[in-house]
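A.B. asks: Sharing a structure, written as structure tokens. Questions coming.
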Amino acid sequence: MTFPVVGMIGGGQLARMTHEAGIPLGIRFKLLSDTPLDSAALVAGEVVVGDYRDLETLRAFAEGCDVITFDHEHVPTEHLRALEADGVAVRPGPDALVHAQDKGVMRARLDEIGVPSPRHRIVDNPADVTAFAEEGEGFPVILKTVRGGYDGKGVWVVRSEADAAEPFRAGVPVLAEEKVDFARELAANVVRSPHGQAVAYPVVESVQVDGVCDTVIAPAPGLDADVSARAQQLALTVAKELGVTGHLAVELFETRDGRILVNELAMRPHNSGHWTQDGAATSQFANHLRAVLDLPLGDPRPRSRWTVMANVLGGDYPDMYQGFLHCMARDPQLKIHMYGKDVKPGRKVGHVNTYGDDLDEVRERARHAADYLRGTITE
0 MTFPVVGMIG GGQLARMTHE AGIPLGIRFK LLSDTPLDSA ALVAGEVVVG DYRDLETLRA
60 FAEGCDVITF DHEHVPTEHL RALEADGVAV RPGPDALVHA QDKGVMRARL DEIGVPSPRH
120 RIVDNPADVT AFAEEGEGFP VILKTVRGGY DGKGVWVVRS EADAAEPFRA GVPVLAEEKV
180 DFARELAANV VRSPHGQAVA YPVVESVQVD GVCDTVIAPA PGLDADVSAR AQQLALTVAK
240 ELGVTGHLAV ELFETRDGRI LVNELAMRPH NSGHWTQDGA ATSQFANHLR AVLDLPLGDP
300 RPRSRWTVMA NVLGGDYPDM YQGFLHCMAR DPQLKIHMYG KDVKPGRKVG HVNTYGDDLD
360 EVRERARHAA DYLRGTITE
């Protein structure tokens, strides 16, 4: 019997951890990476170094793969349509993935299916931004380039018409959104297979610092059961209506008046789901693989009352391995996941997971380990 070959486009940490999840299943993994030193390229068995923006490179890479999936959303949509026309199984397919690639397309489609979002409009110039602001509560408003932004990049908070000039200099469409007065950010993670089976993980709270995910708490503390169920159902509806295959992260705002609004979509494993590696019966990475291979999906339920994920960001202390001795001795249950990246200030180079019955204790353990590894604290 020949085990399937999963081709993953992108060599970052998401590909690295997806590869890890496939090892116990005997899944063969083929990687298209920008460089041989990318996070996943350091551990994958078969690595092709090439440009994901080049169609012929993609076609050559797809040869011998049973399915193609991704660790980012940046492959040109028209190239994915060409691969499908060649008979390649692309999951998620371009008709779904375009909603994670293009924020304007996403907002229009969510409006069509009745999914709540912040007030929004495509704007053409700074004067158009002012008109959009005046139609609502005024400035400030959020401006986003419709393609290419992540981790706070391609996003601006503008407080006047003069502030609004910068986003238009890139020459790409710009989406204006109201600045939502939210109580906190949530994420609903679901996985859907080609034949329509779907599972939903507990809704989590995602804490952002400077536009980058810092901490994830699973499940979201104090979240009303009805709101949680509504968020899970919303994510399942989006996955079904958009035809998603694989993992879908729906980033949400919980407003101060009890509403939930969709902020962003990601059709791949996601930072808000890293806690599942150690905190759920089946991780997001394992379930993403199961979905793209159309295998039965695994149990998404949590193993512990609380799980906290804290990202480890690069700082001024490059030798993080030296911190393992302290962190492991202090907390034998701590789970450390490093990505094999060079340490640079502000760069995501790993994460830690902690779990237990006391949320304050679990959160403190995660925060201490992440800060110690970064060098923010020394004891």
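Residues in the sequence shown are numbered from 0 upward in steps of one, following numbering that gives the first Met the number 0. Where a beta carbon is used, it is the ideal one built from N, C-alpha and C, also for glycine.
Taking DSSP as the reference, what is the three-state secondary structure of residue 256?
C.D. replies: DSSP places residue 256 in coil when its eight states are reduced to three.
A.B. asks: To the nearest angstrom, report how far apart residue 177 and residue 28 are at their CA atoms.
C.D. replies: Near 42 Å, if we compare the C-alpha coordinates of residue 28 and residue 177.
A.B. asks: Between residue 63 and residue 55, what straight-line distance do the alpha-carbon atoms span, to the nearest angstrom?
C.D. replies: 15 Å
A.B. asks: In the DSSP assignment, what are the bridge partners of residue 305?
C.D. replies: Under DSSP, residue 305 takes part in a beta bridge, and its partners are 355.
A.B. asks: I think residue 16 touches residue 284, with their Cβ atoms under 8 Å apart; what is that distance to the nearest whole Å?
C.D. replies: 5 Å
A.B. asks: Just verifying my parser: in three-state terms, what is the DSSP assignment at residue 7?
C.D. replies: strand
A.B. asks: Have a look at residue 227 and residue 359 and give me their C-alpha separation to the nearest angstrom.
C.D. replies: As the crow flies, the alpha-carbon of residue 227 is around 21 Å from that of residue 359.
A.B. asks: Quick one: any contact between the region 314-325 and the region 206-223, if contact means 3 or more CB pairs under 8 Å?
C.D. replies: no
A.B. asks: With three or more C-beta pairs closer than 8 Å as the rule, is the region 153-173 touching the region 257-271?
C.D. replies: no
A.B. asks: Report the option in 343, 361, 309 and 362 whose CA atom is closest to the CA atom of residue 336.
C.D. replies: 309
A.B. asks: Would you list the residues sitting across from residue 31 in a DSSP beta bridge?
C.D. replies: 8 and 47
A.B. asks: Tell me which same chain residues have a C-beta within less than 6 Å of the C-beta of residue 187, skipping the five on either side of it?
C.D. replies: 202, 230, 231, 234 and 249
A.B. asks: Can you give the Cα-Cα distance for residue 10 and residue 42, rounded to whole angstroms?
C.D. replies: 10 Å
A.B. asks: Write down the C-beta distance between residue 68 and residue 4 rounded to the nearest angstrom, noting that I regard them as a contact closer than 8 Å.
C.D. replies: Not quite, the Cβ-Cβ distance comes to about 12 Å (not below 8 Å), so this is no contact.
A.B. asks: Within 8 Å, do at least three Cβ pairs link the region 285-298 to the region 318-338?
C.D. replies: no
A.B. asks: Which of the three DSSP states, helix, strand or coil, is assigned to residue 196?
C.D. replies: coil
A.B. asks: Nearest by alpha-carbon distance to residue 377: which of 323, 356, 350 and 361 is it?
C.D. replies: 323
A.B. asks: Give me the Cα-Cα distance between residue 93 and residue 79, rounded to the nearest whole angstrom.
C.D. replies: 6 Å
A.B. asks: With a threshold of 8 Å, are at least 3 pairs of Cβ atoms found where one atom belongs to the region 297-306 and the other to the region 131-140?
C.D. replies: no
A.B. asks: In chain order, what residues of the same chain lie with their CB nearer than 7 Å to the CB of residue 44, ignoring the 5 residues before and after it?
C.D. replies: 28
A.B. asks: When DSSP labels each residue in this structure, what does residue 239 get in the three-state scheme?
C.D. replies: helix
A.B. asks: If you reduce the DSSP assignment to three classes, tell me which class residue 332 lands in.
C.D. replies: coil
A.B. asks: For residue 378, does the three-state DSSP call read helix, strand or coil?
C.D. replies: coil
A.B. asks: Does DSSP classify residue 85 as helix, strand or coil?
C.D. replies: coil
A.B. asks: Can you have a look at residue 12 and say buried or exposed, based on whether 16 or more other CB atoms are within 10 angstroms of its CB?
C.D. replies: When all chains shown are included, residue 12 counts as buried.
A.B. asks: Going by beta-carbon coordinates alone, are residue 191 and residue 244 separated by less than 8 Å?
C.D. replies: yes
A.B. asks: When you compare only the Cα positions, how much space is there between residue 123 and residue 172?
C.D. replies: 7 Å
A.B. asks: Could you give the DSSP three-state label for residue 264: helix, strand or coil?
C.D. replies: In the three-state reduction of the DSSP assignment, residue 264 falls in the strand class.
A.B. asks: What residues in its chain sit with their C-beta under 7 Å from that of residue 258, if we drop five residues either side in the sequence?
C.D. replies: These residues qualify, in order along the chain: 115.
A.B. asks: Where does residue 73 land, buried or exposed, given buried means 16+ other C-beta within 10 angstroms?
C.D. replies: exposed
A.B. asks: Our contact map puts residue 307 next to residue 365 with C-beta atoms below 8 Å; I'd like the distance itself, whole angstroms only.
C.D. replies: 4 Å
A.B. asks: Just confirm the distance between the C-beta atoms of residue 348 and residue 274, as a whole number of angstroms; I'd bet it's less than 8 Å.
C.D. replies: Wrong, their Cβ atoms sit about 18 Å apart, outside the cutoff.
A.B. asks: How long is the line joining the alpha carbons of residue 95 and residue 319, rounded to whole angstroms?
C.D. replies: 39 Å
A.B. asks: Would you give the residue range spanned by the alpha helix (DSSP H) that residue 53 belongs to?
C.D. replies: It is not in any alpha helix (DSSP H) - residue 53 carries neither H nor E in the DSSP assignment.
A.B. asks: Going by Cα to Cα distance, which pick from 34, 354 and 374 is closest to residue 343?
C.D. replies: Scanning 34, 354 and 374 for the CA closest to the CA of residue 343 turns up 374.
A.B. asks: In this structure, how does DSSP classify residue 119 when only helix, strand and coil are distinguished?
C.D. replies: In the three-state reduction of the DSSP assignment, residue 119 falls in the strand class.
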